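S.K.: For the sequence shown, the positions run 9 to 593 when this note's numbering is used. Backbone N, C-alpha and C fix where the C-beta goes; we use that ideal spot for every residue, glycine too. Note that the coordinates shown come from a computational prediction; the quantities given were computed from them, not determined experimentally. Following this message is one structure expressed as structure tokens.
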Amino acid sequence: MRHPSIPSAQLLVQYCKAMDISQVVISPGSRNAPLIIGFSEDPFFNCYSIVDERAAAFFAIGITQQLKQPAIVLCTSGSALLNFYPAVAEAFYSDHPLLVVSADRPPYKIDIGDGQTIRQDRVFDRHIGYSANLKLDVSHATKSISTFAPQMLPEGRSVTNIQEEIWEYNKNELGRAFDVLFQKSLPVHINIPFEEPLYDTVSSLDKYLDLSSGQKSTNEEAGDLSDFQDQWNTASKKMILVGVMSPGEIETKWLQSLADDPSVLIFTETTSNLHHPNIIPSIDSIIFPIEKSEDREQKFKELQPEILLTFGGLVVSKKIKAFLRNYKPKQHWHVNQHKAFDTYFTLNHHFKTTASKFLSSFIPGITKTSSNYRSNWLGVRDGYMGRRQEYLKQIPFSDMWAFEKLIQSLPKDAMVQLANSSTVRYAQLFDMIPGQSVYCNRGTSGIDGSTSTAVGAAVHYKGPTVLITGDLSFFYDSNGLWNTFIRPDFRIILVNNGGGGIFRILPGKENSRNFKTFFETAHHMNAQPLCELFGFEYHMASDKAGLKNALNDFYTRSDQPKLLEVRTPADLNDKILLEYFDFIT
């Protein structure tokens, strides 16, 4: 097996292998050649070639999302690294262990006018768990170093001794970075300078890495919960709010126990991946009608919890955030092994453990409390669900009508990847089928990497993958389709309303000059040329009959992936959605 001739490249490859990190997403380049050689020559690593660095980094996020393990994304020097930034920020706020590796020029070639060179060290400092800037090896390209940076080779010291110190320094820096990667589930950045020659290889390693024990992710126990259990048992109004969460993070038995308590009201979202008859999955359908009611103050006080217990990642609904900020609970406890955001400005305690560990300790010590809190609001839920069905029967073809049919059509075993903006919000209005897994990049809530993330996630998902996306998100990240890893069972549903339809829903658009140009960014693009370019089977629907017909065989087996473009009327969509909330009030 061939190895790169540069010691620091050998060291990183060995370290990744020792830590059992096998997924490597590589963007092409020359400066990163030593690492490309090191990873691609070793059969332990699964390497993916993605040209566009932004797409590559989101592709890697999709891998971490499914495997719950770190993935490497590798690039050359220069601006290539900056294109990773959107995904780095997403990983930072979504707790994805993304290992960002960049090749760099030698330090003596920075800021002297050398080509493809920027200041790469600590470039992600505001959104990274750790930045490791490794030292340049002196045993490689020693002649160049002695010519351009003689201070790196002091007189009286041997190259061998200096290189040994560099090896130890780099090893220690990698250790710190990997500790953060595994212990905190945060992205880390490793920047490695390489001097030419870059493509030389050797048949054996210069030095073998010896790690006495690999770092494992550890979770703290919930601790003494007696005081919290006492507070819980005496409260008559407890609200549980679940944000982004992977399937299975809360066991069914614990959910069942909480959902059976008449004093507990459970709010979830589509991305919570939880299902039970006694939960409320469409938060805005509860709060929006209250906002418009004459006795909203009284109703909000009735909904106001004494204790708020939150799980998972970030929450989509703006309305629940506004409600809890204005009608604060006496206690807010958050359960997450890594971090707790004070989203509602009332956080009292952070349980640094998993949902499963917390509930296995917490539930045995709590009792059901007599209350009408749950029953009252489940009655409200049942009412709006009935009115929703009545409303859907009478509306014309539109985003809302289409989303109901699209959600109903999804295969039972599908992984559903949702784009941001309107897509995830429409999905919130409808119930997913238990067994489906739903994901969305809610860390930064950007439209920039939804397609790439879905493609990366699909590589490691056994069933079919369905990406539901809007037109701006789809066209923005079309390079996410520029790779050879898309399986025939990959499906894209593109809801094309001719621009940023969500801006029509937001207040103030009537007073905005040039609304269509600068907010909605209206367009007449369609996806058919991209489907031809990337080898997708193309389908299109622009009315009710067309959509029903297109969905009949959209999920049947095929030799190539498929895309269904649903063209909806931009001038109607916002009115139909806003009238829905009026109708259910």
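In chain order, which continuous runs of the beta strand (DSSP E) of length 3 or greater are located wholly inside the region 401-467?
M.R.: 423-426, 445-448
S.K.: At a cut of 8 Å, does the region 160-169 reach the region 186-195 through at least three beta carbon pairs?
M.R.: no
S.K.: For residue 246, list the residues DSSP reports as bridge partners.
M.R.: Looking up residue 246 in the sequence shown gives position 238. Answer is 272, 315.
S.K.: Measure how close the beta-carbons of residue 274 and residue 288 come, nearest whole angstrom, since I'm counting them as under 8 Å.
M.R.: In the sequence shown, the residue the question calls residue 274 occupies position 266. In the sequence shown, the residue the question calls residue 288 occupies position 280. Contact holds; Cβ gap of about 7 Å.
S.K.: Roughly how many angstroms lie between the CA atoms of residue 106 and residue 399, to the nearest whole one?
M.R.: Here residue 106 corresponds to residue number 98 of the sequence shown, with the count starting at 1. Here residue 399 corresponds to residue number 391 of the sequence shown, with the count starting at 1. Rounded to the nearest angstrom, the two C-alpha atoms are 44 Å apart.
S.K.: Between which residues of its own chain and residue 152 is the CB-CB distance below 6 Å, once the five residues before and five after are set aside?
M.R.: The count along the sequence shown starts at 1 and reaches residue 152 at position 144. Hits under 6 Å: 203.
S.K.: How is residue 575 classed by DSSP in three states: helix, strand or coil?
M.R.: Sequence index remark: in the sequence shown, residue 575 carries index 567 (1-based). Strand at residue 575.
S.K.: When the Cα atoms are used, what is the spatial distance from residue 170 to residue 161?
M.R.: One-based indexing of the sequence shown puts residue 170 at position 162. One-based indexing of the sequence shown puts residue 161 at position 153. Computed Cα separation, rounded: 8 Å.
S.K.: From residue 555 to residue 548, what distance separates their C-alpha atoms?
M.R.: Looking up residue 555 in the sequence shown gives position 547. Looking up residue 548 in the sequence shown gives position 540. If you take the alpha carbons of residue 555 and residue 548, they lie about 8 Å apart.
S.K.: Tell me whether residue 390 sits in a helix, a strand or coil according to DSSP, three-state version.
M.R.: Locating residue 390 in the sequence shown gives position 382, where the first residue counts as 1. Three-state result, residue 390: helix.
S.K.: Would you decide whether residue 526 is buried or exposed? Buried here means 16 or more other CB atoms lie within 10 Å of its CB.
M.R.: Indexing the sequence shown from 1 puts residue 526 at position 518. Of the residues assessed, residue 526 falls on the exposed side of the cut-off, its CB having fewer than 16 other CB atoms within 10 angstroms.
S.K.: Within the continuous beta strand (DSSP E) that includes residue 140, where are the two ends?
M.R.: Indexing the sequence shown from 1 puts residue 140 at position 132. It spans 138-141 - the beta strand (DSSP E) in which residue 140 sits, taken as one unbroken run.
S.K.: Spatial neighbours of residue 244 within its chain, please: CB distance less than 8 Å, with the 5 preceding and 5 following residues excluded, ordered by chain position.
M.R.: The sequence position of residue 244 within the sequence shown is 236, counting from 1. For residue 244, where only same-chain residues beyond five positions count, the Cβ hits under 8 Å are 271, 314, 377, 378, 379, 381.
S.K.: Flag residue 86 as yes if its beta-carbon sits less than 8 Å from any beta-carbon of chain C, otherwise no.
M.R.: Reference to chain C is not applicable here, since this structure consists of a single protein chain.
S.K.: In chain order, what residues of the same chain have a beta carbon less than 6 Å from the beta carbon of residue 425, not counting five sequence neighbours either side?
M.R.: Taking the first residue of the sequence shown as position 1, residue 425 is located at position 417. Excluding positions up to five away in sequence, the list reads 447, 462, 475.
S.K.: Return the chain-ordered ranges of every alpha helix (DSSP H) run that is complete within the region 330-378 and spans a minimum of 4 residues.
M.R.: 363-370
S.K.: Is the region 294-311 touching the region 338-354 in the sense that three or more CB pairs, one from each, lie closer than 8 Å?
M.R.: no
S.K.: How many Å lie between residue 200 and residue 537 at the Cα?
M.R.: Position 192 of the sequence shown holds residue 200. Position 529 of the sequence shown holds residue 537. Rounded to the nearest angstrom, the two C-alpha atoms are 40 Å apart.
S.K.: Applying the 10 Å Cβ sphere with the 16-neighbour rule, what's the burial state of residue 78?
M.R.: Position 70 of the sequence shown holds residue 78. When all chains shown are included, residue 78 counts as buried.
S.K.: Ends of the alpha helix (DSSP H) at residue 167?
M.R.: Here residue 167 refers to the residue found at position 159 of the sequence shown. Where residue 167 is concerned, the enclosing alpha helix (DSSP H) stretches over 167-191.
S.K.: Pick from 442, 497, 71: whose alpha carbon is nearest that of residue 567?
M.R.: Taking the sequence shown and counting its residues from 1, the one referred to as residue 567 is at position 559. For residue 567, the nearest C-alpha among the options comes from 497.
S.K.: If contacts are defined as beta-carbon pairs under 8 Å, then residue 407 and residue 509 qualify, I think. What distance do you get, rounded to the angstrom?
M.R.: The count along the sequence shown starts at 1 and reaches residue 407 at position 399. The count along the sequence shown starts at 1 and reaches residue 509 at position 501. Right, the Cβ-Cβ distance comes to about 7 Å (below 8 Å), so this counts as a contact.
S.K.: What residues are listed by DSSP as bridge partners for residue 79?
M.R.: Along the sequence shown, read from residue 1 onward, the residue named residue 79 stands at position 71. Paired residues: 106.
S.K.: Between residue 188 and the ligand MN, is there a pair consisting of the residue's CB and a ligand heavy atom that are separated by less than 7 Å?
M.R.: Within the structure as shown, the ligand MN is missing, as the structure has no ligands at all.
S.K.: Which complete alpha helix (DSSP H) runs does the region 504-585 hold, if anything under 4 residues is left out?
M.R.: 510-513, 536-542, 552-560
S.K.: Between the region 235-251 and the region 41-52, are three or more C-beta pairs nearer than 8 Å?
M.R.: no
S.K.: Within this structure, are the beta carbons of residue 505 and residue 428 separated by less than 8 Å?
M.R.: Against the sequence shown, residue 505 aligns to sequence position 497. Against the sequence shown, residue 428 aligns to sequence position 420. The answer is no: Cβ separation not under 8 Å.
S.K.: From the DSSP output, read off the bridge partner residues of residue 111.
M.R.: Numbered from its first residue, the sequence shown carries residue 111 at position 103. For residue 111, which the question treats as bridged, DSSP gives the partners 200.
S.K.: Report yes if the C-beta distance between residue 195 and residue 104 is below 8 Å; otherwise report no.
M.R.: As a working mapping, residue 195 is identified with position 187 in the sequence shown. As a working mapping, residue 104 is identified with position 96 in the sequence shown. Yes. Within cutoff.
S.K.: What distance in whole Å lies between the Cβ atoms of residue 332 and residue 352, which are believed to be in contact at a cut-off of 8 Å?
M.R.: By 1-based counting over the sequence shown, the position of residue 352 is 344. By 1-based counting over the sequence shown, the position of residue 332 is 324. That belief holds up - the Cβ atoms of residue 352 and residue 332 are roughly 4 Å apart, short of 8 Å.
S.K.: Report the rounded CA-to-CA distance for residue 290 versus residue 439, giving the unit in angstroms.
M.R.: Here residue 290 refers to the residue found at position 282 of the sequence shown. Here residue 439 refers to the residue found at position 431 of the sequence shown. Straight-line measurement puts the Cα of residue 439 at about 8 Å from the Cα of residue 290.
S.K.: So residue 570 and residue 499 are supposed to be a Cβ contact under 8 Å. How far apart are they, rounded?
M.R.: Locating residue 570 in the sequence shown gives position 562, counting from the first residue. Locating residue 499 in the sequence shown gives position 491, counting from the first residue. Residue 570 to residue 499, Cβ: 5 Å. Contact.
S.K.: Any chance the region 170-182 sits against the region 15-30, with 3 or more Cβ pairs inside 8 Å?
M.R.: yes
S.K.: Answer with buried or exposed for residue 469, where buried requires no fewer than 16 other C-beta atoms within 10 angstroms of its C-beta.
M.R.: As a first step, residue 469 is located in the sequence shown; it is residue number 461 there, counting from the start. So residue 469 counts as buried.
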